[in-house]
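Converting from the sequence shown to the working numbering requires adding 9 to each position, the first position being numbered 1.
So the structure is just underneath, and the comments pick up after that.
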Amino acid sequence: MWSPDLVVPLGLIVGEAVTNALKHVFLEEREGRVRVELRASDGGTMRLLVEKHGIGMPAERRAGSLGLRLIEMFAKQVNGRALMEAGRGGQGTAVMITFPDPNIMPC
10 MWSPDLVVPL
20 GLIVGEAVTN
30 ALKHVFLEER
40 EGRVRVELRA
50 SDGGTMRLLV
60 EKHGIGMPAE
70 RRAGSLGLRL
80 IEMFAKQVNG
90 RALMEAGRGG
100 QGTAVMITFP
110 DPNIMPC
């Protein structure tokens, strides 16, 4: 069972990333997709991915984004790292959080 100290920040990250996609990107597009994925990665880590397909966010807007700063702050709360980049094939925007797998007990 995952603790609230982990689940709450992860939920806030997903909420912030999806809200930003809806608020800033889908205004000009009639259709779009947002994909949320959580999976175990190599090296005892988990990866949370929130990816929006369509028009991407320019790098200059990402740098000073309040949303990205919030996501980075929540990632630190779970001992993780946040990365925002272009989505698959250069389309859209992807937010990826990597953090220690809580299912693996430290030695």
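All C-beta atoms, glycine included, are put in the ideal place defined by N, C-alpha and C.
Handout entry: Per-residue DSSP class, three states only, for residue 104
Key = Note: residue 104 maps to strand in three-state DSSP.
Problem - Cβ neighbour criterion (16 or more within 10 Å) applied to residue 17 - result: Its Cβ having fewer than 16 others within 10 Å, residue 17 is exposed.
Handout entry: Selection from 109, 31 and 113 that minimises the alpha carbon distance to residue 76
Key = Considering only alpha carbons, the answer is 31.
Exercise for the section: Alpha carbon to alpha carbon, how far is residue 109 from residue 14? Give it in angstroms, no decimals. Expected result: About 13 Å.
Handout entry: First through last residue of the beta strand (DSSP E) which encompasses residue 59
Key = Run containing residue 59: 54-62, per the beta strand (DSSP E) assignment.
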